[in-house]
Every structure is written in structure tokens, then in C-alpha cells.
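Residue numbers for the sequence shown follow this note's numbering, so the first one is 1 and each next one is one higher. Beta carbons are placed, not taken as given, at the ideal position from N, Cα and C, and that holds for glycine. Comments concern the structure below.
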Amino acid sequence: MEYLSGLVFNGSGFSDGYVGIENGIIAEVGDGKPPGRPIAEGIVTPGLVNAHTHSADGLLAFSGKPDLKELVMPPNGMKHVYLKNASEEELVMSMRSFSDVMLSTGTTGFIDFREGGRKGVELMKRSSPAQKGMILGRPLGRYDANELNDILEVSDGIGLSSISDADKSELDAIADHVHRKGKVLGIHASERIREDIGRIMSLSPSFVVHMVEATDADMRMCADNNIPIVSCPRSNIFFGKTPPMKRLIDSGADIAIGTDNAMLCVPDMRAEAETFASMLESKGRYEDHIIRSLLMNCGKILYGADKLRVRTGMPADVAVFRMSGRGAVKDITDPRNDMEKVVFGRTAV
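Below is the structure:
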């Protein structure tokens with residue numbers, strides 16, 4: 001058996017102890033020192049989950065600072081033109097690189113909005129990401145039941161752009177189809193402009209992304225309907241927007257974090273959490289919010305309540321962060337603080 005030791009995340013905080021791993025499974029979690037010499041010592045958490053990614057556009061080069069609409073709005077935003085014209089090999093290379101960076105920084109799970117119809121999903125799978133991925137496809141054009149069946153056959157669900165980018169009948173048809181198939185529906189919401197939250201809720205999404213332009217009442221409606229909100233602070237800041245972190249937290253909704261487009265941000269959840277923390281630090285109790293958002297809420301969207309703490313019987317997908325003496329949360333959210341080890345199933349890196 002291989003052992004990890006240090007501060008172990010127990011689902012609400014950290015306690016001194018150790019983790020024993022055997023055949024890719026956590027076989028033992030105990031207090032105090034491990035029975036054998038540990039292969040790594042530090043802060044032991046479940047592998048991080050990146051709750052919102054667009055992993056295929058990392059090789060898109062652009063100059064200046066295009067606005068949000070110019071860069072990402074379908075169908076003619078620079079990103080969508082790039083994805084349409086890039087070779088399959090280039091897209092696979094981008095997704096593979098994206099996966100490698102995530103794994104090296106402690107992320108063992110992700111939720112990707114995969115553009116490009118069924119082919120886009122298949123390319124994602126061809127890139128063979130090591131992480132546990134939720135892949136949400138997207139139709140190429142208007143609602144077509146056959147195309148949606150094809151996408152849902154190979155994906156976990158559908159990731160929509162926003163209610164501003166399609167008409168009501170199209171969105172209703174897609175949402176109804178996804179729900180009939182028992183799949184996941186994610187949607188960008190109030191990123192560029194405020195959008196009708198009642199309309200968004202009528203689609204019964206599994207979660208929404210951004211909510212930068214949302215009102216307090218909009219956020220509370222998400223909380224009342226148990227709809228998690230995924231915030232992407234570094235992406236929002238790139239486009240000159242200030243993510244309303246305190247308002248999001250105060251709404252009572254589950255707030256998760258994601259790194260968004262590969263072309264904008266390195267997919268390092270520690271860097272994303274550092275930005276998140278910097279916006280909350282002056283508000284008090286930010287460490288509690290970081291623990292919930294980074295170590296729990298992201299995982300709840302991907303896994304349900306299954307892997308929100310280090311426990312026996314779960315796959316050994318864990319991250320070990322170096323301890324500097326500044327406290328667990330500061331060490332986890334400092335991307336300059338070296339990782340001790342990432343253990344993913346039977347693989348240690």
C-alpha cells in the first residue's frame with residue numbers, strides 16, 4: 001500500500017492524518033502518522049474539478065483585446081470561425097495540452113462545453129483526457145432531432161451558448177429533448193447582458209455559467225431552484241467585467257468555479273481560485289467560501305455528492321499540495337506553491 005500524509009480534507013475542513021492507496025482505490029483513511037513511509041506529504045484533497053471549460057480553442061491566436069461578442073458569440077465570433085476551420089489534429093492537440101496542464105495542477109475532473117456537433121465530442125474523446133470529464137455537446141445549427149440524438153449518444157448532455165443566441169422554440173425543443181433523454185443541460189447566462197432568468201429557469205438547466213450581469217433577484221432564483229452557478233472570474237476580467245463574487249455568495253446558490261476558454265486562461269484551478277479569493281478576502285470568511293466552491297461545489301456538479309471528501313472506497317483521484325505554514329487554503333490557492341503530487345487512479349505524477 002502507498003501512503004499520503006498531512007492535512008486531509010474531510011468534507012468540511014482539514015485534519016491531521018493519512019491516506020492509504022491500493023490498486024487505484026483509497027483503502028484506508030486514518031488519524032496520525034501512516035503505518036508506512038509516505039510517498040508524499042502535504043495537504044491532501046480530492047482532485048480538483050474545473051467546472052467550466054472550452055478546451056479546443058487553446059491554439060487560437062488573436063491580437064489586441066476583442067470584446068466578448070466579437071470573440072465568442074456564435075456563429076461568427078472569432079472562436080467559432082477558428083473551430084470550424086481548424087484541422088482535427090490541431091483541435092485534438094489543443095485538448096490534449098489542456099488536459100495535461102489541468103492534471104499537472106491538481107485537476108482530475110472537468111466539465112467541457114464541446115462545440116462542433118457529434119464530431120466535436122468524438123474529437124474530445126480522441127484526445128484521451130486523463131481526467132473524469134463531463135462532455136456537453138452542442139448542435140451545429142437549428143434544432144434537428146436526429147442530430148441531437150447523435151450528439152447525446154456520445155455525450156453527457158448539451159452545453160448551450162445563451163438564450164440570446166437562439167429563438168425560444170429552438171431552445172425549448174433542445175431542452176425538452178435533453179430532459180427526455182435524461183441528460184445534463186448547461187447554459188451560459190447573463191454573461192454579456194442581463195437575460196431573463198425566468199426564461200432560463202423554464203429550460204430547467206442543471207447549472208448556469210457566469211451570471212455577471214444578473215441581479216440579486218436573479219441569483220436568488222437560482223438558489224431557490226437549486227441551480228448551481230459556475231463563475232469564471234479571470235475570463236470575466238479579461239472582458240472588462242467584474243464578477244459579482246460577494247453577491248453570488250450572498251444569494252445562497254452553490255457557487256462553483258471554472259477557467260472557461262483555453263484561449264483566454266491557463267486551465268489552472270488554483271489560479272482561478274486565487275482570483276476568486278482576492279475578490280472575497282476583504283469581505284471576511286473567504287476561506288470558508290473557497291473550501292465550498294473549489295473543493296465541494298465543483299465536484300457536486302460533476303459527481304453528485306460522491307467525491308466531496310477523501311474517503312475509503314473512492315478512486316484515488318487526489319491532489320497533494322505543499323505546506324508552507326500559511327494555512328491550507330492559502331497553500332491550495334497559490335499557483336506558485338508547487339504541487340507535491342497528483343494521484344489519479346494508479347498514476348502518480
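Of the residues the options, which one's Cα is nearest the Cα of residue i?
| i | options | result |
| --- | --- | --- |
| Gly-137 | Lys-168, Asp-100 and Leu-185 | Leu-185 |
| Pro-205 | Ile-158, Arg-247, Ser-231 and Ala-217 | Ile-158 |
| Asn-337 | Val-343, Phe-344 and Gly-327 | Gly-327 |
| Lys-132 | Tyr-82, Ile-291, Asn-50 and Asn-10 | Asn-50 |
| Gly-13 | His-289, Leu-91, Arg-270 and Thr-312 | His-289 |
| Thr-108 | Asn-85, Gly-299 and Arg-322 | Gly-299 |
| Asp-57 | Phe-113, Gly-47, Gly-24 and Ser-15 | Phe-113 |
| Pro-335 | Asp-250, Val-208 and Ser-104 | Ser-104 |
| Gly-117 | Gly-106, Ala-27 and Val-154 | Val-154 |
| Asn-10 | Glu-272, Leu-308, Val-343 and Glu-195 | Leu-308 |
| Ala-223 | Thr-242, Phe-239, Ile-237 and Asp-250 | Asp-250 |
| Lys-69 | Ile-21, Glu-191, Arg-199 and Gly-198 | Glu-191 |
Do you know how far the Cα of residue j is from the Cα of residue i?
| i | j | result |
| --- | --- | --- |
| Phe-62 | Asp-172 | 35 angstroms |
| Ser-293 | Val-8 | 17 angstroms |
| Asp-165 | Tyr-18 | 50 angstroms |
| Ile-257 | Glu-2 | 31 angstroms |
| Ala-277 | Glu-88 | 37 angstroms |
| Pro-267 | Thr-53 | 8 angstroms |
| Glu-90 | Leu-71 | 19 angstroms |
| Ala-253 | Ala-130 | 30 angstroms |
| Asn-297 | Ile-255 | 6 angstroms |
| Asn-149 | His-179 | 12 angstroms |
| Phe-235 | Val-343 | Checking the sequence shown, residue 235 turns out to be Ser, not Phe. Spanning the two alpha carbons is a distance of roughly 28 angstroms. |
According to DSSP, what are the bridge partners of residue i?
| i | result |
| --- | --- |
| Ile-255 | Ile-229 |
| Val-184 | Gly-157 |
| Thr-105 | Answer is none; Thr-105 lacks a bridge partner. |
| Val-29 | Val-19 |
| Asp-317 | Phe-344 |
| Leu-4 | Val-19 and Ala-40 |
Helix, strand or coil: which one does DSSP assign to residue i?
| i | result |
| --- | --- |
| Glu-213 | coil |
| Glu-274 | helix |
| Ala-130 | coil |
| Gly-299 | helix |
| Ala-51 | strand |
| Thr-347 | Its pLDDT being 47, under 50, Thr-347 is placed unreliably in this model, and the coordinates cannot settle the point. |
| Gly-20 | strand |
| Ala-262 | coil |
| Tyr-143 | coil |
| Glu-374 | Since the first and last residues shown for the chain are 1 and 349, residue 374 lies out of range. |
| Met-339 | strand |
| Ala-328 | helix |
| Ile-39 | coil |
| Phe-98 | helix |
| Ser-63 | coil |
| Ile-193 | coil |
Report, in whole angstroms, the separation of the C-beta atoms of residue i and residue j, which I expect to be a contact under 8 angstroms.
| i | j | result |
| --- | --- | --- |
| Glu-170 | Arg-142 | 6 angstroms |
| Val-318 | Ile-43 | So it is not a contact: roughly 10 angstroms between Cβ atoms. |
| Glu-195 | Ile-163 | 5 angstroms |
I want to check one thing, is the minimum distance from the CB of residue i to the heavy atoms of the ligand PLP below 7 angstroms?
| i | result |
| --- | --- |
| Ser-231 | Ligands are entirely absent from the displayed structure, and the ligand PLP is therefore not among its contents. |
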